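First the structure, in the form of structure tokens, and then the observations on it.
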Amino acid sequence: MGLIRRCWAICPLKARKVEKVARRGTSGHGSQRRRSRAARTASTAREVEVRSSNRVPGTVRVPVTMHWIFAPAGLLVVLPLPVLVGSLLIPDDQFLPLFGQPSFLDEATRATALAYLVIMLVIFVVLVPMRGRAVAEIALDATAVAWLERVVKVLAFITFTAYAVWIGNALLRGLRFGTMLQLLSGEAGTMYVLRGQYFESISGVTTWMQLGAILAPLAVLRERATGRSARRLVGVLLFLAFARALLNSERLALIEIVLSVAIAYFVLRREAPSWVRRPVSAGLLVVGSWLVLFGVFSAFEFFRSWTSAQASFDGDFSTYAATLLLGYYATALNLAAFDGYVLGSQLAPGQLFDGSLWESLFGASPVAGVQQAYGLETFTNRSGLLVPQIAFGEIGGALVVVATALLLAVLARWTARGHVVAFALYCASCVGVLEIVRIYYFGSSRFLPVAVAGACMAISWALVANKRRQNLRYLSPPLENGTRSWSR
């Protein structure tokens, strides 16, 4: 029945019938309301007929839906809001016994962090449509599918080459399988030996391993468009990211791949799963996500630090892992407040960015030496909700937060409308929303390769879209005035 209705909607006979009804309505026997409704229906029928005639044969249409739980507002509510509130409720006198550092969070700083998060949430709720069913499609004709294949191959080549260089460099430095077995057996300090002696980053090379976060969702889109399975490619990416998390203490690398793939599979659907649309199931999903995060964090932290800390920690491993996980977020806020305490009214734009490239532009952090003097080397992250204020002041920081939220909202809106490049960038950027309390992800060297790849993809897609429009101009039937219709 659905196929019959669709065929009838684009049938020229329906357009003629509606036009006949519209002419009949102008004879004076019908009401003005009936005439206007008939005229609108006739116009809609003509538009549907023109759009249908302009469709290129063989076009693949992948549905897109933006449910609230994987929209920016939902991501902000799932993790950042609870951990921010929990961190701000920790008494000042508990920071030193829990995290080994005094509290620098005053009432004004707490209010600023909460206000910035609320600003982002309001922008996301107002600007990003959140629906449970698809209202748009990603249309890919033969030219677009070929473009997608090329992009996936190029990104895969660059990503896996960077991984090969990273692993090859470790082998050249003398890495042996026995050293990794020492890590798995729980020998204290092995993680730091692996990270410091073997798996060091190579500037300008290993940075491109970050392209996996944008490669994975494009592989999922290719699977939905062509039927070519993405399991092998995504599986290899997950394995390599797991190796980075285990051997180089980069848990965020694994989170980037897992989250981008999950968002891609949720977005590229006709409708959100039924168990997500139910309020109780959605709540259980949120709680389950927290438990999974805690489990994964605990598993990696067991090999990373528990083997060294268990002798001095007064408690069991679960208490240690929970304290450390909360400490990552609470101390990120506290260290950002510490920077503001040291700098006073001095602005430090370089604090918004992280990585060797940005250090070459802005210089070393002006508070690095002071942090060591206070003995605050255990935790190093600065909260993404407070570094904009440190960099540009309260008003400038608010503008940075607004600009970041607007950029993410635009990506989400374009994704919901079926834009390919926006879809890939949105999937790769969601981790920045989840981690906004801990770091400003969009100013880090981790996000820079994704942004560069996104810009190159946008230019390439624009060229392909221009070629498609030229083809459609000659394929479409002429209109009544002798011209031809242009289609998107």
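The sequence shown begins at 1 in the UniProt record's numbering and counts up by one.
In this text, a Cβ means the ideal position worked out from N, Cα and C, and glycines have one as well.
Here the structure is a predicted model, which means the values were calculated and not measured.
Note that the C-beta distance between Val452 and Ala144 is not below 9 Å. Under DSSP, the beta-bridge partners assigned to Arg61 are Ala139. DSSP, read as helix, strand or coil, puts Ser444 in strand. Cβ contact annotation for Ala156 (same chain, cutoff 7 Å, sequence separation greater than five): Leu215 and Leu233, in chain order. Residue pairing of Arg133 in beta bridges, as defined by DSSP: Glu271. For Phe239, the uninterrupted alpha helix (DSSP H) segment begins and ends at Arg231 to Leu247.
The Cβ atoms of Ala241 and Glu256 sit closer than 9 Å to each other.
For Thr112, the enclosing alpha helix (DSSP H) stretches over residues Glu107 to Leu127. Beta-bridge annotation (DSSP): Asp354 is paired with Ser444. With respect to Phe95, Ala330 sits close: the two C-beta atoms are nearer than 9 Å. The segment 119 to 139 makes no contact with the segment 158 to 172; the number of CB pairs closer than 8 Å stays below 3. Between the C-alpha atoms of Ala336 and Ser383 there is a straight-line separation of about 6 Å.
Residues of the same chain with a CB within less than 8 Å of the CB of Ser229, apart from the 5 flanking positions on each side, are Glu223 in chain order. Its chain contains Leu411, Ala412 and Thr415 as the residues whose beta carbon lies nearer than 7 Å to that of Tyr426, once the 5 sequence neighbours on both sides are disregarded; these appear in chain order. DSSP places Ile90 in the coil class of the three-state scheme, outside both helix and strand.
Secondary structure at Asp314: coil, using DSSP grouped into helix, strand and coil. Taking all protein chains in view, the Cβ of Gln470 is surrounded by fewer than 16 other Cβ atoms within 10 Å, so the residue is classified as exposed. With a threshold of 16 other beta carbon atoms within 10 Å, Ser249 meets it and is buried. A direct Cα-to-Cα measurement between Thr207 and Leu194 gives close to 18 Å. Contact between the segment 437 to 444 and the segment 277 to 297 is absent: fewer than three C-beta pairs spanning the two stretches fall below 8 Å. Distance from the CA atom of Gly369 to the CA atom of Ala142, rounded to whole angstroms, is 57 Å. Cα atoms of Ser298 and Leu140: separation of roughly 43 Å, rounded to the nearest angstrom.
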